[in-house]
Amino acid sequence: MKIGAGTMANEHVRLLDELEGLLSRQIELAHQGDSAGEQFNVLTARAGSLVGEISQLGPAGSGEYQHRFERLRELYETLSLVLAAEKADVSEELSRIRKGRKIIGTYRRTI
Numbered sequence: 316m317k318i319g320a321g322t323m324a325n326e327h328v329r330l331l332d333e334l335e336g337l338l339s340r341q342i343e344l345a346h347q348g349d350s351a352g353e354q355f356n357v358l359t360a361r362a363g364s365l366v367g368e369i370s371q372l373g374p375a376g377s378g379e380y381q382h383r384f385e386r387l388r389e390l391y392e393t394l395s396l397v398l399a400a401e402k403a404d405v406s407e408e409l410s411r412i413r414k415g416r417k418i419i420g421t422y423r424r425t426i
């Protein structure tokens, strides 16, 4: 089935809009500390699917969507930074827990 140029442009816009919305929602969830939740995972899977659909449609036009792709790149970078910060926080908390367990173990042996 051949897709007309106007229909393909509309499909690009629809997919880009949906992808932008998904990335924004993922950023919100990550800020809330919910990047390991089921909703985040569902959004991640759908975002990956959208990227595949967009790439299957082919080129989105000669520069007309450049600002959209730039916005998506910025959202991906923001999401990556938020996830990296959350990972660092979790790592720091794990270090504190390990240190606390070690201290408790030392006290138990001395009692």
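Taking this note's numbering, the leading residue of the sequence shown gets 316, the next gets one more, and so forth.
Glycine included, each C-beta is placed from N, C-alpha and C at the ideal position.
Original post:
Just how far apart, CA to CA, sit Leu331 and Val397?
Top reply: Roughly 22 Å between the two C-alpha positions.
Subject >> 8 Å Cβ shell around Glu335 - same chain, five flanking residues per side excluded >> reply: Around Glu335: Arg383, Arg386, Leu387 and Leu390.
Subject >> Cβ contact (3+ pairs, closer than 8 Å) linking the stretch 339-348 and the stretch 357-368 >> reply: The stretch 339-348 is in contact with the stretch 357-368.
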